[in-house]
Amino acid sequence: MSRYEKGAIAAVVLMLVAAGFIFIYAPEDALQGAPQRIFYLHVSSAIAAYGCFAVVLLGGIVYLWKENVTADRLARAGALVGVVFTTVTLVMGMIWAKPIWGTFWTWDARLTSTLVLWIIYAGYLMVRRLAEPGRQAARFAAVVGIFGFIDVPVVHFSVTWWRTVHPGPIVINDALPPQMLVAFFVTMASTLFLAAVLIAIRYRIEVLTDEAAERVVTAPIAAASKAGSAR
Amino acid sequence: MRSVAVALAVARKDLASEWRTRELVPALAQFVVLALVIANFGFEVDSRTSAAIAPGVLWMTLVFAGLVAFGRAFAAEREQASLEAMLLTPASPAAIFAGKALAAALMLALCEAVLLPALGLFFGVSLTLEVVTAVLLATVGMAVLGCLFAAMVARIRARELLLPLLTLPLWIPFIVVGGQAVQVAMGAGGGSRAGSATGLLLDLDILFVVLTSLTARFVLED
Numbered sequence: 281m282s283r284y285e286k287g288a289i290a291a292v293v294l295m296l297v298a299a300g301f302i303f304i305y306a307p308e309d310a311l312q313g314a315p316q317r318i319f320y321l322h323v324s325s326a327i328a329a330y331g332c333f334a335v336v337l338l339g340g341i342v343y344l345w346k347e348n349v350t351a352d353r354l355a356r357a358g359a360l361v362g363v364v365f366t367t368v369t370l371v372m373g374m375i376w377a378k379p380i381w382g383t384f385w386t387w388d389a390r391l392t393s394t395l396v397l398w399i400i401y402a403g404y405l406m407v408r409r410l411a412e413p414g415r416q417a418a419r420f421a422a423v424v425g426i427f428g429f430i431d432v433p434v435v436h437f438s439v440t441w442w443r444t445v446h447p448g449p450i451v452i453n454d455a456l457p458p459q460m461l462v463a464f465f466v467t468m469a470s471t472l473f474l475a476a477v478l479i480a481i482r483y484r485i486e487v488l489t490d491e492a493a494e495r496v497v498t499a500p501i502a503a504a505s506k507a508g509s510a511r
Numbered sequence: 042m043r044s045v046a047v048a049l050a051v052a053r054k055d056l057a058s059e060w061r062t063r064e065l066v067p068a069l070a071q072f073v074v075l076a077l078v079i080a081n082f083g084f085e086v087d088s089r090t091s092a093a094i095a096p097g098v099l100w101m102t103l104v105f106a107g108l109v110a111f112g113r114a115f116a117a118e119r120e121q122a123s124l125e126a127m128l129l130t131p132a133s134p135a136a137i138f139a140g141k142a143l144a145a146a147l148m149l150a151l152c153e154a155v156l157l158p159a160l161g162l163f164f165g166v167s168l169t170l171e172v173v174t175a176v177l178l179a180t181v182g183m184a185v186l187g188c189l190f191a192a193m194v195a196r197i198r199a200r201e202l203l204l205p206l207l208t209l210p211l212w213i214p215f216i217v218v219g220g221q222a223v224q225v226a227m228g229a230g231g232g233s234r235a236g237s238a239t240g241l242l243l244d245l246d247i248l249f250v251v252l253t254s255l256t257a258r259f260v261l262e263d
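This is the structure we're talking about:
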C-alpha cells in the first residue's frame, strides 16, 4: 500500500470520527435544532480553503522568486483543493441558510465575498489550463494567486467590517459550550488533515503529468540517439 | 527619474497612435451612450426611479467600457509584436507597463467625460464633485489591474474570454466603495460614508499600484 493510499484511508477514518462527534457527541442546538450541526464542517472547510489559498500564495511568491518547480506544483494542487473546499463551504452554508434564514442565498457581505473567492480561483484554474504549460502558466498563475489572495482577509473580516446577517465569530469569542467546542476542533483537525492529503495526492498527479509531458518531448530524442549508436 | 521618462514616452506613443487612428475613444463613447439606451429599456426608467438606477447603470457601463479599453491596450502590441522590441531596450518593464496603464486610464477618462454628462442628461442626476472624484479614483485602480491582466491574456488562448473572468472579480472593491459613494452623492440612499469613500479608494489605488508594479515584470517578460 502506498503512502497516498494510507493517507487517504486515514483521512476517511478521521472524517468518520468527526461525523461521530458532530452527530452523536455534540448536543443539539436549543434554537436552531439539527441544522446547527452543519456549522462544524462549514467552518472547518472554510478554514481549510483559506489554508489552501495560502499555499497558492506562498507557492506563487516562491516560484516568482526562485523559479522553483516544486513551489509551482504545490500552488497548482492547493488551488484545486481550495476551490473544492470553497464549494463545500458555499453549498453547506446554503443548506443551512434555507431553514434558518428562509432563503438559500442573500447578498450579504460574507456570502458575496466567498462567492467572489470561488470565482477568482476558478479563474486561476482557467489560466493554468489556457496558458502555455511550463514557465508561462506558472508565472501568470502566480500573479493571479497573489492578487486573488487579497479576497481571503476580506472574506474573513467581512462580518466585522460590514453589517451582515452571517453569524459572527463564535469559536474565538468563547460562545460555544465545551462539547460543541470539542466537536468543532475534532472536525477542524480532520478536515485540515483531509486537505493536506488531497494536496499531497494532487501534487503527485502534477509531478506525473509533468513527467509525462516531458517524456513526449524527450522520448523521440532518446530513441533516435539509441538508433544512431546502434548503427 | 529615467523610469518616469520611459513611462511618459510610452503613454505619449499610445495616445499619439490613438489620436492618428481615432478608433478606440469614439467607439467607446458610442458604446457608453448605447449602454444608457439599453438600460432605459431594461429598467423602464422614469423620473421617480432614475436616481436609484443611475449609479448602477454608471458602474455597469464603466466596467464593460473598461474591459474593452484595456483589452485593446495590448492588442496593437500583440499584432505587431512591438512589445518584445520595447522589452529589448534597457527600459524597465514596470516603467513600460506604467506608460501603457497611464494611456489606457486617460482614454477611459475621456470616455467617462462622455458617460457622466450623458448620464446626467438622460437620467436627470446631478454630477457633483464626489461623483467625479469617485469615478476618477476608481479609474486609476481599474486601469492598473485591467492592463496587468490584459498584458497577460494577450499571450494566451481565448483571451477575450479570460480578461473579464480575471479582471471583474478584482475590480469589485472599487465598485463596492465607488458605488456607495456615487449612491450617496446621487441621493439614492445607502449610508452616509461619502467622505471616507475617497480615502478608501485612494488606499485601494495605492495597494494595487504597488502590487502591479511588483508583478508587471513577470507578466510582460514571459
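Residue numbers (our numbering), protein chains in the order written: chain H, 281 to 511; chain U, 42 to 263. Every residue gets a Cβ at the ideal spot worked out from N, C-alpha and C, and that includes glycine.
Proximity of residue i and residue j at Cβ, strictly below 9 Å
{"i": "Met-148(U)", "j": "Ala-92(U)", "result": "no"}
{"i": "Leu-108(U)", "j": "Pro-205(U)", "result": "yes"}
{"i": "Arg-409(H)", "j": "Val-260(U)", "result": "no"}
{"i": "Phe-333(H)", "j": "Gly-425(H)", "result": "yes"}
{"i": "Leu-103(U)", "j": "Glu-153(U)", "result": "yes"}
{"i": "Arg-283(H)", "j": "Asp-490(H)", "result": "no"}
{"i": "Leu-178(U)", "j": "Pro-214(U)", "result": "no"}
{"i": "Val-368(H)", "j": "His-436(H)", "result": "no"}
{"i": "Ala-136(U)", "j": "Val-45(U)", "result": "yes"}
{"i": "Ile-289(H)", "j": "Thr-467(H)", "result": "no"}
{"i": "Leu-395(H)", "j": "Arg-482(H)", "result": "no"}
{"i": "Leu-69(U)", "j": "Ala-106(U)", "result": "yes"}
{"i": "Val-432(H)", "j": "Leu-397(H)", "result": "yes"}
{"i": "Phe-427(H)", "j": "Leu-252(U)", "result": "yes"}
{"i": "Pro-315(H)", "j": "Pro-457(H)", "result": "no"}
{"i": "Leu-139(U)", "j": "Ala-48(U)", "result": "It is Ala, not Leu, that sits at residue 139(U) in the sequence shown. Closer than 9 Å, so yes."}
{"i": "Pro-134(U)", "j": "Gly-220(U)", "result": "no"}
{"i": "Val-273(U)", "j": "Ala-238(U)", "result": "Any property of residue 273(U) remains undetermined from this structure, which presents chain U solely from 42 to 263."}
Start-to-end residues for the alpha helix (DSSP H) that takes in residue i
{"i": "Asn-512(H)", "result": "With chain H covering only 281 through 511, there is no way to say anything about residue 512(H)."}
{"i": "His-446(H)", "result": "Per DSSP, His-446(H) belongs to no alpha helix (DSSP H) and is neither H nor E."}
{"i": "Gln-312(H)", "result": "That residue, Gln-312(H), is in no alpha helix (DSSP H); it is neither H nor E in DSSP."}
{"i": "Asp-388(H)", "result": "Unbroken run through Asp-388(H): none, as it is neither H nor E."}
{"i": "Asn-81(U)", "result": "65–84"}
{"i": "Tyr-305(H)", "result": "Note, Tyr-305(H): premise wrong, no alpha helix (DSSP H); not H, not E."}
{"i": "Glu-262(U)", "result": "Glu-262(U) -> no alpha helix (DSSP H), and no H or E assigned at all."}
{"i": "Ile-94(U)", "result": "91–114"}
{"i": "Arg-196(U)", "result": "Here Arg-196(U) belongs to no alpha helix (DSSP H), and DSSP marks it neither H nor E."}
{"i": "Thr-366(H)", "result": "349–381"}
Cβ-based neighbour list, residue i, same chain, cut-off 7 Å, excluding 5 preceding and 5 following
{"i": "Leu-65(U)", "result": "Glu-59, Ala-110, Arg-113, Met-148"}
{"i": "Ser-438(H)", "result": "Ala-389, Arg-390, Ser-393, Thr-444"}
{"i": "Ala-291(H)", "result": "Phe-473, Leu-474, Val-477"}
{"i": "His-446(H)", "result": "Asp-388, Arg-390, Leu-391, Val-439"}
{"i": "Ala-402(H)", "result": "Val-363"}
{"i": "Val-181(U)", "result": "Ala-146, Asp-246"}
{"i": "Arg-119(U)", "result": "Ala-195"}
Cut-off 6 Å between Cβ atoms - residues of its own chain near residue i, not counting five sequence neighbours on either side
{"i": "Leu-31(U)", "result": "As shown, chain U starts at 42 and ends at 263. That puts residue 31(U) outside it, with no answer to give."}
{"i": "Ala-328(H)", "result": "Phe-365, Thr-471, Leu-472, Ala-475"}
{"i": "Leu-157(U)", "result": "Leu-168"}
{"i": "Gly-161(U)", "result": "Leu-168"}
{"i": "Trp-442(H)", "result": "Ala-389"}
Chain U contact for residue i (CB, 9 Å cutoff)
{"i": "Gly-403(H)", "result": "yes"}
{"i": "Gln-416(H)", "result": "yes"}
{"i": "Ala-411(H)", "result": "yes"}
{"i": "Phe-420(H)", "result": "yes"}
{"i": "Val-364(H)", "result": "no"}
{"i": "Val-336(H)", "result": "no"}
{"i": "Met-281(H)", "result": "no"}
{"i": "Ile-289(H)", "result": "no"}
Residue i at chain H interface by Cβ criterion, 9 Å
{"i": "Val-47(U)", "result": "no"}
{"i": "Leu-189(U)", "result": "yes"}
{"i": "Arg-61(U)", "result": "no"}
{"i": "Arg-119(U)", "result": "no"}
{"i": "Met-193(U)", "result": "yes"}
{"i": "Ala-199(U)", "result": "yes"}
{"i": "Arg-196(U)", "result": "yes"}
- Scan the region 423–444 of chain H for residues whose Cβ lies nearer than 7 Å to a Cβ of chain U and list them as they occur along the chain. Against chain U - using a Cβ distance shorter than 7 Å - the residues of the region 423–444 of chain H are Val-423, Val-424, Ile-426, Phe-427.
- Item | Residues, ordered as in the chain, of the region 340–358 of chain H that lie near chain U by beta-carbon distance below 9 Å | Going along the region 340–358 of chain H in chain order, one finds Leu-344 with a Cβ nearer than 9 Å to chain U.
- Residues of the region 207–231 of chain U with a CB closer than 7 Å to any CB of chain H: list them in chain order, please. Of all residues in the region 207–231 of chain U, the ones placed with a Cβ closer than 7 Å to any Cβ belonging to chain H are Leu-207, Pro-210, Leu-211, Ile-213, in chain order.
- Query: Between the region 242–262 of chain U and chain H, which residues of the former have CB atoms less than 7 Å from a CB of the latter, in chain order?
  - Reply: Here the close residues are Leu-252, Thr-256, Phe-259, Val-260.
- Given a limit of 8 Å on CB to CB distance, which residues of the region 130–143 of chain U reach chain H? Contacts with chain H (Cβ-Cβ distance below 8 Å) from the region 130–143 of chain U involve no residue at all.
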